[in-house]
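Here the protein sequences line up with chains A, B and C, keeping their order. 0 is the number of the first residue of the first sequence in numbering that gives the first Met the number 0; add one for each residue after it. 0 is the number of the first residue of the second sequence in numbering that gives the first Met the number 0; add one for each residue after it. 0 is the number of the first residue of the third sequence in numbering that gives the first Met the number 0; add one for each residue after it. The next block holds one structure in the form of structure tokens; read it before the comments.
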Amino acid sequence: MRDIHAGYGGANILNGVTIEVEAHEIGVIVGPNGAGKSTTLKALFGLLNVSQGSISFDGKEVTNARPENLVRAGLSFVPQEFNVFPTMSVRENLEMGAYTRRDDFRYLIEKIFEYFPPLRDKHKQPAGELSGGQRQMVAIGRALMMEPKLLLLDEPTAGLSPRYMGEIFERVIAINEAGVGILMVEQNARQALAIAHKGFVLAGGKNSFTDTGQALLDDPEVAESFLGGGTKH
Amino acid sequence: MDTIGLLSALPINELVFFINKVVIAGLIIGSIYALGAVGMTLAWGILRFANFAHGDLMTLGAFIAFMLTMAMPGLGAYVGLPTAFVVLPIAMAVTALVTILIDKTFYVPVRKTNPKPITLVIASFGVMLMLQGLIRLFFGTAPRQMYVGSKDIYRIPFAGRDIVITEPQVLLIVFTVVAIVALHLFLTRSRTGKAMRAMSDNADLARISGIGTAHVVRVTWIIAGSLAAAGGTLLAMDVSLKPDLSFNLLLPIVAAIIVGGIGQPYGAIVGGLIVGFTETVAVFNWAILLRPLKPHMPDWLELPANLTFVPTEYKIVVPFVILVAVLIWRPNGIFKGKVL
Amino acid sequence: MKVLELRTASLLVGLAVIVALIFIWQGNAYALRMLAEAGCLAIVALGLNVQWGYAGLFNAGIMGFIAIAAFGSMLISYPVNPVFWQSEAPGWLLRMALIIAIGGAVTVLLSRIDRYGVPRRIRTMLTIIAALATYMMAQNALTPAAAIIEQNSGFIGGFGLPVGLGWLVGGVFAAVLAWFIGRITLGLRSDYLAIATLGIAEIVKAFLKNADWLTRGTLTVSPLPWPVPTPNEIGFVVARAAYLSITAVLIVIIYVLLQRGWASPWGRMMRAIRDNELAAESVGKNVNRRLLEMFVIGNFIVGVGGAALITFGGIFDPSGFLPINHTFLVLIMVVLGGSGNNLGSIFGALLVYVIWTMSEPAALILFRYGADWLQNVFNIAPPDDLATRALQMRVFVIGLTIILVLRFAPKGLLPEKIVKYE
């Protein structure tokens, strides 16, 4: 089936990280600040140079591939910041997500509105004027327009109120149940691991624990070393 | 009812003078600035640097049109329009091509080294000098006329005095309106146009979404180059073709861009008109409007003979002051462009 | 280190050889003139290096600072015009100066009253009204003065003081202009600073060109007094050589001062600011004050060099100030030589000026051949103004040089030595 295998070392931040996710799974990367979580996603999506190791997607070698090609292959990325086009309307943002498509994708826009109902009324509003939670919805919606096989999310709940946080997590589960694999980097480790099929704990640019989400939550070592959202330093 | 008598009590004469010297003149020069500014601001927003060679692209376009006009002077007569206008599309296309070539040869290698923004500006200075040198080399420094025959001058009588507008000026206004509408439709309806706006908003996200940046850049240069050629040619048709056309345009155009917000095409259009009108308003001798009041004023009140804000020789000060004022008080510009 | 020194040495030797060749080809007088002008421009380049190479401030309006400094120098050193001083004009000018001083002070004070609780809108309106009123009143005082001066005496003349003093005053004029401009614009990013300075230069030029009462405008002022005996008195070669020596001495003095300043703790701090402004600010250094200092000092040097350059030309012609000749040329000198490296700026100045000057005769020869060929093969008559067109070749070459340098030697030919601390 489809999986991602990423192992690389020698990059300044990442020194030998391995992540594997199956197509129907939710994978979550957690870890203290500076552990290299976002860097992992960026490296996966070809935004950083991978000096060592390999990434394969859907059976194909995609190390250091260009974003356009990855998008076409079924990989979508939602960055943590600056993840919408602020002067363009919600609808236009979604259209941009579907840029590489050649078909009539209006049905997709409908689907996105079903996932994120608040967006339907605001579909003509510039994305920059929306609240943080709604912006995040637009960001994820944009990424979904390509009907990706795997969705990469970089701290989707960063800076959101608890209400929106819960909503986002709910949507993530819904999207996954609809058949999209998810690989998520999260600061809110507890909640993220609770919904994860696979959890990866990163520290200092390397894997430190890997297991199912529930197992990690139950593991006293993990809990002791850092769970709590990075408040101890 | 003696309407003529009534009208003569109003300062119609002076009003028409005002319209000619301020309103129409402002519209003309404002449209030229707008045409130049739109192209430059699009490139600035998407490529993140100020292409100072843009002024010389306008001159280049004008000279290409000039050459074509001289080569086929009778062409315009077939359609009833000046030849220079008829060959304009060709000049626009050629200039667009040259612009793309310039980018490929000179700017892309510099961009690849991940430079500071100022390095790209210096590179654009280099291109500007090369273009200027080449143009003056081939054409000399004397002014040329773009018209083969004579210009049509339209006079609209308005209660005793004529509102004067010449044929090239009419063409300019029509062209500008058409260009603005076309650009608007392009940016809001077409796929590439929206991609351009996306790239201008957030270049990284555009890449992540799979938008092919090279294609967008190419289209941007095409638009910039063609509009530059149009602006330069139409200006030369109105006045005359001089090689230092470019430098005199550069400062007002940059002022227009900053007023409207960098990267905002509508802002550039509005900015161009604002700068144009401010210029004509500032150099107008407002005392003329006060003249009709003279018979009604007491004898001891002396009306100043000269009430201009800025003497004509110092016209260049106007766009500059606008520029500095905007930079200090509202660097985003009217339409909230980028503060780069 | 050895490689760098070898490279520096070979570049210098290469340049010396080229200069020697020019002496042989074009003759002593020509070559000396070229060297003297290059020397003045080297001083200007050093000034630009202080602003751009050290402080990272991109000044695209060097021409304006040269112009104002040349004006200051002319004002000081040109012989006195007795007709002016005997007329009523100085009285009017004094009135105008008083109006500007008082009006300016009032305007500035008004702009600050918002600190005393006056609402912003009112403050802005009052300030604008005060500024406009000052402008109008000053204009009214100026018009009769200008009329009188132009009718009777041509222009106000100078003060007849020594030329050296003139150059210093020129530098001061440039520094004062820099202070004003800097206060307003230094907070801006480099793109914007470039545009702002570009505009300022044009305004200064327009002012000097049109204020006939002050500068004779397009009628120009000549001859400008020299610090050494003029060519009329002792011949071209000797006079120019003397001028060159003075310039060389100035270069050495300025170079030594700059090098010492750069090596001092103050210089280290400036470097820290340039390399990482944010970090320097966080350590508590007042970045804006320092940048302003550099801008003012740099432009003072530019002013001295500019005054020297225009004095050498012997004629003060506002229309003769061209951005190409006076701004971009210096820019490319610093970039080519290596921004941040004083020796590089001097070297760059010489090299670029040689290229600039030699482009003209080289182009002329090329064009002659081309014209002959066109004549013989195609029977096309060459245009009449071939000579002036050949001059334009210089512009093209300079533009090309900028591109080539950016491409192949972006740090310049003599890049800044990065001092490593163990």
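In this text, a Cβ means the ideal position worked out from N, Cα and C, and glycines have one as well.
Bounds of the beta strand (DSSP E) holding Gly-26(A) are 25 to 29.
Within 10 angstroms of the beta-carbon of Asn-231(C) lie fewer than 16 other beta-carbons, which makes it exposed. With distances taken between CA atoms, Leu-40(A) lies nearest to Phe-199(A) out of Phe-199(A), Asp-218(A) and Ala-214(A). When rounded, the separation of the alpha-carbon atoms in Gly-260(C) and Ile-245(C) is 23 Å. DSSP, reduced to helix, strand and coil, places Glu-87(C) outside both helices and strands of the structure shown, so it counts as coil. Of all alpha-carbon atoms in Ile-112(C), Ala-132(C), Thr-123(C) and Ala-88(C), the one lying nearest the alpha-carbon of Ile-99(C) is that of Ala-132(C).
Met-66(B) has a beta carbon lying at 8 Å or more from every beta carbon in chain C. In the structure shown, Val-20(A) adopts extended strand secondary structure according to DSSP, grouped into three states. Among the residues facing chain B, Tyr-106(A) is not included, as its CB has no counterpart in that chain under 8 Å away. Burial is judged here by how many other beta carbons sit within 10 angstroms of a residue's own beta carbon; Met-332(C) has at least 16 and is buried. Using a CB distance cut-off of 8 Å, Val-70(A) counts as an interface residue toward chain B. Looking at the backbone, the Cα of Gln-150(C) and that of Thr-142(C) are separated by about 12 Å. The beta carbon of Leu-290(C) is closer than 6 Å to those of Ala-54 and Leu-185 in its chain, skipping five residues each way along the sequence. Rounded to the nearest angstrom, the gap between the Cα atoms of Lys-193(B) and Pro-330(B) is 25 Å.
Within 10 angstroms of the beta-carbon of Glu-94(A) lie 16 or more other beta-carbons, which makes it buried. Cβ proximity to chain B below 8 Å picks out nothing from the stretch 338 to 363 of chain C.
A straight line joining the alpha-carbon of Arg-154(B) with that of Val-216(B) spans about 44 Å. About 6 Å separates the beta carbons of Leu-151(A) and Leu-43(A), which is inside the 8 Å limit, making them a contact pair. Note that the C-beta distance between Phe-84(B) and Leu-249(B) is not below 8 Å.
Sequence-distant Cβ neighbours of Phe-104(A) in its own chain, meaning closer than 7 Å and more than five residues away, are Ala-97 and Met-144.
A distance below 7 Å between beta-carbons, with the five flanking residues on each side excluded, links Leu-207(C) to the following residues of its chain, in chain order: Ala-66, Phe-70, Thr-214 and Pro-317. In this structure, Leu-413(C) sits near Gly-343(C), with a CB-CB distance shorter than 8 Å. Excluding five sequence positions before and after Arg-71(A), the CB atoms of its chain that fall closer than 7 Å to its own CB belong to Thr-99, given in chain order.
A Cβ-Cβ distance of about 4 Å is found for the pair Phe-294(C) and Gly-181(C), placing them in contact under the 8 Å criterion. Per DSSP, reduced to three states, the secondary structure at Lys-59(A) is strand.
Less than 8 Å divides the Cβ of Pro-78(A) from the Cβ of Ile-207(B).
Taking a Cβ-Cβ threshold of 7 Å, none of the residues of chain B is close to Arg-6(C); the smallest such distance is about 21 Å. Assignment of beta-bridge partners to Val-79(C) by DSSP yields Gly-156(C) and Gly-157(C). Between the alpha carbons of Ala-104(C) and Ala-129(C) lies a distance of about 10 Å. Shown here, Ala-306(C) sits in a helix according to DSSP, grouped into three states. Leu-321(C) sits in coil when the DSSP states are folded into three classes, being neither helix nor strand. Among the residues facing chain B, Asn-209(C) is included, as its CB has a counterpart in that chain under 8 Å away.
Phe-84(A) and Leu-204(B) have their C-alpha atoms spaced approximately 8 Å apart. Note that the stretch 227 to 239 of chain B touches the stretch 24 to 41 of chain B; at least 3 beta-carbon pairs, one per stretch, sit closer than 8 Å. At a cut-off of 8 Å between C-beta atoms, Glu-146(A) does not count as an interface residue with respect to chain B. Taking the beta carbon of Ile-333(B) as reference, no residue of chain A falls within 8 Å; the closest one sits roughly 14 Å away.
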